[in-house]
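The working numbering puts the first residue of the sequence shown at 115, with every later residue one more than the last.
Ideal Cβ placement from N, Cα and C applies to all residues, glycine included.
Just so we're clear, the structure is a prediction, and the values are computed from it rather than from any experiment.
Have a look at the structure below before the remarks.
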Amino acid sequence: MRKTGFHERGTKDFINIDPLQTGGKLTEDAKRALLEWGDGYSVCDFCPGTLDRIKTPPIYDFVHETLPEFLGSDVARVTNGAREAKFAIMHAFSGCKNGKKAIVMDSNAHYSSYVAAERAGLEIFLVPNTGYPDYLIEADAYARVIEEASQKTEVVLGLVTYPDGNYGNLPDVRGISKVCHDYGIPLILNGAYAVGRMPVKMKELGADFIVGSGHKSMASAGPVGVLGMKDEYAEIVLRKSGKYGIKEVELLGCTSRGVPIMTLIASFPHVVERIERWHEEVEKARNFSAMMEKIGINQLGEKPHNHDLMFFESQILYEISQNTKSGRYFLYRELKKRKIHGIKPGLTRYFKLSTYGLSEDEIEYVINSFREIIDIYT
Ligand SMILES: *Cc1c(COP(=O)(O)O)cnc(C)c1O
Numbered sequence: 115m116r117k118t119g120f121h122e123r124g125t126k127d128f129i130n131i132d133p134l135q136t137g138g139k140l141t142e143d144a145k146r147a148l149l150e151w152g153d154g155y156s157v158c159d160f161c162p163g164t165l166d167r168i169k170t171p172p173i174y175d176f177v178h179e180t181l182p183e184f185l186g187s188d189v190a191r192v193t194n195g196a197r198e199a200k201f202a203i204m205h206a207f208s209g210c211k212n213g214k215k216a217i218v219m220d221s222n223a224h225y226s227s228y229v230a231a232e233r234a235g236l237e238i239f240l241v242p243n244t245g246y247p248d249y250l251i252e253a254d255a256y257a258r259v260i261e262e263a264s265q266k267t268e269v270v271l272g273l274v275t276y277p278d279g280n281y282g283n284l285p286d287v288r289g290i291s292k293v294c295h296d297y298g299i300p301l302i303l304n305g306a307y308a309v310g311r312m313p314v315k316m317k318e319l320g321a322d323f324i325v326g327s328g329h330k331s332m333a334s335a336g337p338v339g340v341l342g343m344k345d346e347y348a349e350i351v352l353r354k355s356g357k358y359g360i361k362e363v364e365l366l367g368c369t370s371r372g373v374p375i376m377t378l379i380a381s382f383p384h385v386v387e388r389i390e391r392w393h394e395e396v397e398k399a400r401n402f403s404a405m406m407e408k409i410g411i412n413q414l415g416e417k418p419h420n421h422d423l424m425f426f427e428s429q430i431l432y433e434i435s436q437n438t439k440s441g442r443y444f445l446y447r448e449l450k451k452r453k454i455h456g457i458k459p460g461l462t463r464y465f466k467l468s469t470y471g472l473s474e475d476e477i478e479y480v481i482n483s484f485r486e487i488i489d490i491y492t
């Protein structure tokens, strides 16, 4: 057995500000589920042929009642992740036979949206953002790009990232869905950083599909994701196999067949409850942003900010990195000394972080740590 890094994580009692990880921490109920359902295929004891129809454990109720209501969709499924959900939709729409079709997505999109579209054989047209310092995605820009793309090929899908994983910006989905619908294009709402953190309902926002990530934002072990859609698209995306009549082709017959879905279900009541407190998370993020600016570290993206994921620009930390022996790794090391985890090693000038789930004391501690580090080096 390896001595370190295998049995012990090493960052366990750290304050975690990694946006990737703050919303995926397990609840106590999910930890219990993790042990109880850890064996492979554990949920399949009484499977009638498809995952969503399993009544014991209560996956059927979760998928057919709880989840659609939660997502604001007509139909829902559990997938192996947000990207698998996106790929299933895109692949169903790519209709490989009649030449290349296209998707229009925001340029703040996650790489997994891009890669899913590539894998589905879709041509990709990106909607530009407004650039430094806000990087906003605007509905009008979708219209322009759809017009351009339509001259070359058939646009079959739109996608918007809500919020994006770089700046934590929340674009005007209602406006964007209206534009897409004017051109007859259904819209995918990528809510990997929204579903499970903040209130978000697919139909209220006018979208046709919604995807979320269990391990990113729903306190789940994962890999696990959620997929919601309007009724009218279910027959396309959830079409059945010609030979195995109950198996859904785009889901390869079965998705989250074991412990990940059980941690998702176990955490779900807590997730619903924490969403009620979303305004507190926004408040915390805004305070954090304001305090960072006081010590010369500027938040980019939407201001005032509306999400816990924030992107910062720091000239001062960059200058320090130019003049210290440990170079650009100094910030990572200093934060590690103070048991703060989550800013990528080597980053100083631009970095993102999340205040999700931190206590006021922890937020103050993180701010004081940044202040102290700057003081030591200047
Ligand atoms: C993390 C992330 C994803 C990927 O989620 P998975 O569930 O791991 O596939 C997709 N989109 C955005 C915006 C993300 O931040």
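Rounded to the nearest angstrom, the Cβ distance from Val-241 to Met-343 is 22 Å, too far for a contact under 8 Å.
Going by C-alpha positions, Ser-428 is about 18 Å away from Gly-245. With a threshold of 6 Å, the Cβ atom of Thr-275 counts as near ligand 1, since some heavy atom of the ligand is closer than that. Relative to the non-hydrogen atoms of ligand 1, the Cβ of Tyr-228 never comes closer than 6 Å to any of them. In its chain, beyond the 5 residues on either side, Gly-138, Leu-140, Ala-144, Gly-328, Pro-374, Thr-377, Leu-378 and Ser-381 have a beta carbon closer than 8 Å to the beta carbon of Ser-334. By the neighbour-count definition (other C-beta atoms within 10 Å, threshold 16), Phe-160 is an exposed residue.
Distance from the CA of Ser-156 to the CA of Tyr-491, rounded to the nearest whole angstrom, comes to 54 Å.
Residue range 429–437 is occupied by the alpha helix (DSSP H) that includes Leu-431. Cβ-Cβ distances below 8 Å link Ala-404 to nothing in the same chain once the five nearest sequence neighbours on each side are left out.
Taking a contact as a CB-CB distance under 8 Å, the pair Leu-449 and Ser-473 does not count as one, their CB atoms being some 18 Å apart.
Sequence-distant Cβ neighbours of Gly-305 in its own chain, meaning closer than 7 Å and more than five residues away, are Tyr-276, Val-314, Ile-324, Val-325 and Gly-326. In this structure, Arg-197 has its CB closer than 6 Å to one or more heavy atoms of ligand 1.
Non-local C-beta neighbours of Ile-290 in its own chain, meaning closer than 6 Å and more than five positions away in sequence, comprise Ala-253, Tyr-256 and Val-274, ordered along the chain. Going by beta carbons, Ile-131 and Leu-467 fall inside the 7 Å limit. Under the three-pair Cβ rule at 8 Å, the segment 198–210 counts as touching the segment 219–233.
CA-CA distance, Glu-268 to Leu-365, rounds to 25 Å. Taking the Cβ atoms as the reference, Ile-251 lies roughly 11 Å from Asn-280, outside the contact range of under 8 Å. In this structure, the straight-line span from the alpha carbon of Phe-465 to that of Leu-445 is close to 11 Å. For the pair Gly-320 and Gly-195, the CB atoms are not nearer than the 7 Å cut-off. Exclusion of the five residues before and after Ile-434 leaves Tyr-491 as the residues of its chain whose Cβ lies within less than 6 Å of its Cβ.
Rounded to whole angstroms, the separation of the alpha carbons of Asp-422 and Glu-416 is 12 Å.
Lys-330 has its CB nearer than 6 Å to a heavy atom of ligand 1.
Taking C-alpha positions only, Arg-463 is separated from Ala-206 by approximately 41 Å.
In the three-state DSSP reduction, Ala-216 falls in the strand class (E or B).
Collapsing the DSSP output to three states places Phe-484 in a helix. Judged by beta-carbon spacing, Val-385 lies within the 7 Å limit of Gly-310, meaning their Cβ atoms are closer than that value.
Straight-line measurement puts the Cα of Glu-179 at about 14 Å from the Cα of Asp-345. Taking the CA atoms as reference points, Val-192 sits about 11 Å from Tyr-174. Counting only runs of 4 or more residues that sit fully inside the segment 147–196, the alpha helix (DSSP H) segments are 181–185, in chain order.
When secondary structure is reduced to three states using DSSP, Phe-128 falls in the coil class, being assigned neither helix nor strand.
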